[in-house]
Amino acid sequence: MKIKGLICIVLFSMMLISCKKVEGPQESQMLDEVVDTSDIVDNNTPNDSENKDNNSDNEAVNEEPDAQDEIIDDEEPSKGKVIIDGYDITASISGTPLKKAYEDYFMMGVGLNGSSIDNATVRSDAMSEIIKYHFNSVTYSNLMKPSYFLDEKASVENYNNGNINPAVNFDTAIEGLEFCKENDIKMRGHVLVWHNQVPEWFFNEGYQRDGELVDKETMLFRLESYIEQVLTFMQEEYPGVIYAWDVVNEAVENSAGAYETESGFNIRTKFDGTRDNLWYKVIGVDYVEKSFEYARKYADKDVKLFYNDYNTFQTVKTSKIFALASYLKEKGLIDGIGMQGYMNLSYPGIAGGNDSFMTALSKFADLDLEIHLTELSISAPDKSEESMEKQAQRYESLFQILVGLDTASGKNANITSVTVFGLMDDYLFYTNDETTSRLFDGKLQPKPSFYSILSVVEDKKNK
Numbered sequence: 170m171k172i173k174g175l176i177c178i179v180l181f182s183m184m185l186i187s188c189k190k191v192e193g194p195q196e197s198q199m200l201d202e203v204v205d206t207s208d209i210v211d212n213n214t215p216n217d218s219e220n221k222d223n224n225s226d227n228e229a230v231n232e233e234p235d236a237q238d239e240i241i242d243d244e245e246p247s248k249g250k251v252i253i254d255g256y257d258i259t260a261s262i263s264g265t266p267l268k269k270a271y272e273d274y275f276m277m278g279v280g281l282n283g284s285s286i287d288n289a290t291v292r293s294d295a296m297s298e299i300i301k302y303h304f305n306s307v308t309y310s311n312l313m314k315p316s317y318f319l320d321e322k323a324s325v326e327n328y329n330n331g332n333i334n335p336a337v338n339f340d341t342a343i344e345g346l347e348f349c350k351e352n353d354i355k356m357r358g359h360v361l362v363w364h365n366q367v368p369e370w371f372f373n374e375g376y377q378r379d380g381e382l383v384d385k386e387t388m389l390f391r392l393e394s395y396i397e398q399v400l401t402f403m404q405e406e407y408p409g410v411i412y413a414w415d416v417v418n419e420a421v422e423n424s425a426g427a428y429e430t431e432s433g434f435n436i437r438t439k440f441d442g443t444r445d446n447l448w449y450k451v452i453g454v455d456y457v458e459k460s461f462e463y464a465r466k467y468a469d470k471d472v473k474l475f476y477n478d479y480n481t482f483q484t485v486k487t488s489k490i491f492a493l494a495s496y497l498k499e500k501g502l503i504d505g506i507g508m509q510g511y512m513n514l515s516y517p518g519i520a521g522g523n524d525s526f527m528t529a530l531s532k533f534a535d536l537d538l539e540i541h542l543t544e545l546s547i548s549a550p551d552k553s554e555e556s557m558e559k560q561a562q563r564y565e566s567l568f569q570i571l572v573g574l575d576t577a578s579g580k581n582a583n584i585t586s587v588t589v590f591g592l593m594d595d596y597l598f599y600t601n602d603e604t605t606s607r608l609f610d611g612k613l614q615p616k617p618s619f620y621s622i623l624s625v626v627e628d629k630k631n632k
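Under the numbering used here, the first residue of the sequence shown is numbered 170, with each subsequent residue one higher.
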């Protein structure tokens, strides 16, 4: 009888093994298909280029991890690990979400990196899950700029057929807009008018690459047409998604020989040393005011209009931006100032003195406009434990100032949005990315900086 019983047990075990179906997870698996989530707790000195991290448009592209790399630990499924695209993001979507922690102060945003549709952040299921968990605002770092929206071939065809309006194509932004719409996440529109990443043919006769520059009147028509088309599309197709626009980006300059002086605003005339700011060359200093005028004309009443710039903490630049914003405010054309926030471990000063972030923030607060920290990036020289700890301390100091000066703390800085300009170091779609400024590392694990930012409000609540 014992032998017969043993045989029955063996046969029964073999039947179970033969019936078990082993199937690799698909690349498009959703979170609830990947793992049972019942155990998850719900709880470099700045420079002139917008591509200040290593995720430039010229960056080599890396393929997303193969579906076969998406592994679930079948031995211990009760552990509740969340593994997507080969990344264990369990720790990254546990605990208090950043957006929840800072809900009494400002929106928490993140940059959507990528230089094309194929390497855009939202193409990664793993990154998308982390964004949905922690952030309620996003900003495209590249894919909404004029160089992506303006359609050269269609513009030429329009012109040849008697239609002088520039043609636009919004394909590069659609996935991000859909992502926001589906997940109740807001988006900052970035950017309508910038001297960089706008094609030269846009300023030429007949939209021809070898054409002569058009006159001021023609360029103002094109500027208005472009802004109208962009805002109309976004507001009709994705109502309520975009809550703010960077209308003009980086128009104020303080490098010798690269700005005019008559306006009192130091409007940029050149960039990269020798290249002309074609907006200024064709239209003049008026291009800034006209851009805001057209944006105000076509924007929904609840969409906020921002002037955005880098090195806003440099004393001279602070004063010129203040003067420009004051002028635009008097005309009812501006709602806020965007402070980009490119820093390293030693510059600029955080808490006071010349070239200080706090000094600039306090001055802009006196304008009684909204303030967005739009492209926050505190870089480290390397990824050593020491550097990461120093970076965390600097992020903590910065957020202590943001919270301390915010209107929610009884002060006068109306900070309504803070955006870290990218989710992860070693961006998974690039083959060579040496970025060190993000809150999650190359394995999508929270860095010390993430926890230091979270600690600012948690410590405040515990006092």
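We put the beta carbon where it would ideally sit given N, CA and C, even for glycine. Predicted, not measured: the structure shown is a model, and the values here were computed from it.
Measuring CB atoms only, is the segment 428-439 touching the segment 299-308, in the sense that at least three cross pairs come out at less than 8 angstroms?
Judged by Cβ distances under 8 angstroms, the segment 428-439 makes no contact with the segment 299-308, as fewer than three pairs qualify.
May I ask you to report which of helix, strand or coil DSSP gives valine 337?
Correct three-state label for valine 337: strand.
Report the partner residues of serine 285 according to the DSSP bridge assignment.
BP columns for serine 285 are empty, so no partner.
Mapping DSSP to helix, strand and coil, what is glycine 518?
Strand, per DSSP.
Could you tell me which of Gln569, Ile570, Phe568 and Ile547 sits nearest to lysine 559, measuring between CA atoms?
The residue with the shortest Cα to Cα distance from lysine 559 is Ile547.
Given this structure, state the Cα-to-Cα distance separating valine 383 from tyrosine 328, to the nearest angstrom.
Cα-Cα distance, rounded: 13 angstroms.
Out of curiosity, what's the CA-to-CA distance linking valine 572 and threonine 481?
Their backbone Cα atoms lie some 19 angstroms apart in a straight line.
Using a Cβ distance threshold of 8 angstroms, determine whether the segment 281-293 contacts the segment 511-528, with at least three qualifying pairs required.
Verdict: no, contact absent.
In the DSSP assignment, find the unbroken alpha helix (DSSP H) run with aspartate 455 in it and report its ends.
Where aspartate 455 is concerned, the enclosing alpha helix (DSSP H) stretches over 455-467.
Please tell me whether aspartate 504 and leucine 474 are closer than 8 angstroms, where the distance is taken between their beta carbons.
Yes, these two residues count as a Cβ contact at 8 angstroms.
For tyrosine 516, count neighbouring C-beta atoms within 10 Å of its own C-beta (all shown protein chains included) and say buried if the count is 16 or more, exposed if not.
Counting Cβ neighbours within 10 Å, tyrosine 516 comes out exposed, since fewer than 16 surround it.
Does DSSP put isoleucine 241 in a helix, in a strand, or in coil?
Confidence in isoleucine 241 is poor, its pLDDT being 39 and thus under 50, which makes the residue's placement too unreliable to answer from.
Measure the alpha-carbon distance for glycine 591 versus asparagine 282 and round it to whole angstroms.
Between glycine 591 and asparagine 282, the C-alpha separation is close to 6 angstroms.
Closer than 8 angstroms by C-beta to alanine 260: which residues in its own chain qualify, once you throw out the five before and the five after it? Chain order, please.
Result list for alanine 260: Gln614 and Pro615, in chain order.
DSSP has aspartate 445 in a bridge; who is on the other side?
Answer is Lys439, bridged to aspartate 445.
Mind checking glutamine 377: buried by the 16 CB within 10 Å criterion, or exposed?
Glutamine 377 comes out exposed.
Going by DSSP, what residue range makes up the alpha helix (DSSP H) through valine 416?
Valine 416 -> not in any alpha helix (DSSP H); beta strand (DSSP E) instead, spanning 411-418.
Specify the secondary structure class of lysine 612 as computed by DSSP and reduced to three states.
Lysine 612 falls in the coil class under three-state DSSP.
Do asparagine 581 and alanine 529 have their CB atoms nearer than 8 angstroms?
The answer is no: Cβ separation not under 8 angstroms.
What is the DSSP secondary structure of alanine 427, counted as helix, strand or coil?
Coil at alanine 427, not helix or strand.
Just to confirm the assignment, what range does the beta strand (DSSP E) spanning leucine 545 have?
539-547 is the extent of the beta strand (DSSP E) around leucine 545.
Please name the residue in Trp370, Val417, Tyr449 and Ser531 whose C-alpha comes closest to that of glutamate 429.
The candidate whose alpha carbon is nearest that of glutamate 429 is Tyr449.
Is there contact here, the segment 500-514 with the segment 531-545, by at least three beta-carbon pairs under 8 angstroms?
Verdict: yes, contact present.
Could you please give the first and the last residue of the uninterrupted beta strand (DSSP E) stretch that includes histidine 359?
From DSSP, the beta strand (DSSP E) with histidine 359 extends over 355-363.
What first and last residue would you give for the alpha helix (DSSP H) that runs through threonine 604?
Where threonine 604 is concerned, there is no enclosing alpha helix (DSSP H), given that its DSSP letter is neither H nor E.
Contact check, leucine 361 vs valine 416 under 8 angstroms by CB: the rounded distance?
That pair is a contact at about 5 angstroms.
Just the C-alpha distance for aspartate 379 and leucine 447, rounded to the nearest angstrom, thanks.
Straight-line Cα distance between these residues: approximately 15 angstroms.
Nearest to glycine 375 by CA position, among Glu321, His364 and Phe348, is which residue?
With distances taken between Cα atoms, glycine 375 lies closest to Glu321.
CA-CA distance, glycine 501 and serine 556?
If I take the Cα positions, the gap works out to 44 angstroms.
By the DSSP assignment, the beta strand (DSSP E) with leucine 530 in it spans what residues?
Taken as a continuous stretch (DSSP letters only), leucine 530 belongs to no beta strand (DSSP E), being part of the alpha helix (DSSP H) at 526-534.
Since tyrosine 407 contacts lysine 350 with CB under 8 angstroms, what's their CB separation in whole angstroms?
That pair is a contact at about 6 angstroms.
Measuring straight from C-alpha to C-alpha, what distance separates methionine 403 and isoleucine 411?
Taking the straight line from one Cα to the other gives about 7 angstroms.
Using CA coordinates, which residue listed in Asp273, Gly249 and Lys268 is at the minimum distance from asparagine 583?
The residue with the shortest Cα to Cα distance from asparagine 583 is Asp273.
If you draw a straight line from the C-alpha of tyrosine 395 to the C-alpha of proline 617, how long is it?
Distance between the alpha carbons of tyrosine 395 and proline 617 is about 43 angstroms.
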